[in-house]
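Residue numbering for the sequence shown follows numbering that gives the first Met the number 0, beginning at 0 and increasing consecutively.
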Amino acid sequence: MALIPVSPSLSIDDRAIAESFVRASGPGGQNVNKVSTAVQWQVDVAATGLPEAVRARLTRLAGRRMTQAGMLLIAAQRHRSQERNRAQALDTLLALVRRAATPPVKRVPTRPGRAAKERRLEAKAHRGAAKRRRAVPGEE
Numbered sequence: 000m001a002l003i004p005v006s007p008s009l010s011i012d013d014r015a016i017a018e019s020f021v022r023a024s025g026p027g028g029q030n031v032n033k034v035s036t037a038v039q040w041q042v043d044v045a046a047t048g049l050p051e052a053v054r055a056r057l058t059r060l061a062g063r064r065m066t067q068a069g070m071l072l073i074a075a076q077r078h079r080s081q082e083r084n085r086a087q088a089l090d091t092l093l094a095l096v097r098r099a100a101t102p103p104v105k106r107v108p109t110r111p112g113r114a115a116k117e118r119r120l121e122a123k124a125h126r127g128a129a130k131r132r133r134a135v136p137g138e139e
């Protein structure tokens with residue numbers, strides 16, 4: 000079992016990644032129609048060995064890349080070689096997991112200060128005065 004380190008406390012089991020190569024639609028010169036250089040990864044999020052909270056955030060962050068079956072799809076085809084595309088796919092996966100590993104900061108509810116309340120009331124009075132100026136005289 001090989002582990003891919005994400006951070007000092009997190010790692011991903013590489014058996015959760017299924018890798019396939021397909022023909023890329025990008026740079027490649029004469030090889031573009033002959034060599035399969037694009038990398039497609041299917042990552043089984045449940046089998047990665049990540050904590051439940053990280054998996055939940057990863058699922059939310061992945062968006063359209065996540066399938067109904069819980070597979071994370073990563074495609075890389077920017078480069079001309081399989082190795083560089085594989086490295087790009089790994090970078091994409093690690094960036095997603097690192098973002099998911101940081102828990103969201105809990106918002107501390109605060110109340111507006113006195114100056115903010117006064118600014119709001121002054122703005123309301125200003126808007127009301129502008130509307131009163133627009134009104135036809137004698138309609139009240």
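Backbone N, C-alpha and C define an ideal beta-carbon position, used for all residues, glycine too.
Fair warning: this is a prediction, and the values are worked out from it, not measured in the lab.
Asked                                                                                                                                                                          : Found
Where DSSP assigns a beta bridge to glutamate 117, which residues make up the other side?                                                                                      : The partner list for glutamate 117 (beta bridge, DSSP) is empty, contrary to what the question assumes.
Enumerate in chain order the residues of its own chain whose CB-to-CB distance from isoleucine 3 is below 7 Å, with the five nearest sequence positions on each side excluded. : Ser10, Ile11, Asp13
For arginine 56, which residues from the same chain have a beta carbon less than 6 Å from its beta carbon, with the 5 sequence-adjacent residues on both sides left out?       : Ala99
On the three-state DSSP scale, how would you describe alanine 156?                                                                                                             : This structure does not reach residue 156, given that the chain is present from 0 up to 139, and the question cannot be answered.
Could I get the ranges of all uninterrupted beta strand (DSSP E) runs contained in the region 8 to 36, with 3 residues as the minimum, in chain order?                         : 9 to 12, 16 to 21
Using 8 Å for Cβ pairs, my map puts arginine 54 next to valine 44. What's the rounded Cβ distance?                                                                             : 6 Å
Nearest to alanine 69 by alpha carbon, out of Gln87, Ala75, Thr47, Ala86?                                                                                                      : Position check: residue 69 holds glycine in this sequence, whereas alanine was assumed. Out of Gln87, Ala75, Thr47, Ala86, Thr47 has the C-alpha closest to the C-alpha of glycine 69.
Kindly indicate which three-state DSSP category alanine 68 falls into: helix, strand or coil?                                                                                  : coil
Note down the Cα distance separating arginine 64 from arginine 22, rounded to an integer number of angstroms.                                                                  : 20 Å
Start and end of the alpha helix (DSSP H) containing alanine 86?                                                                                                               : 81 to 100
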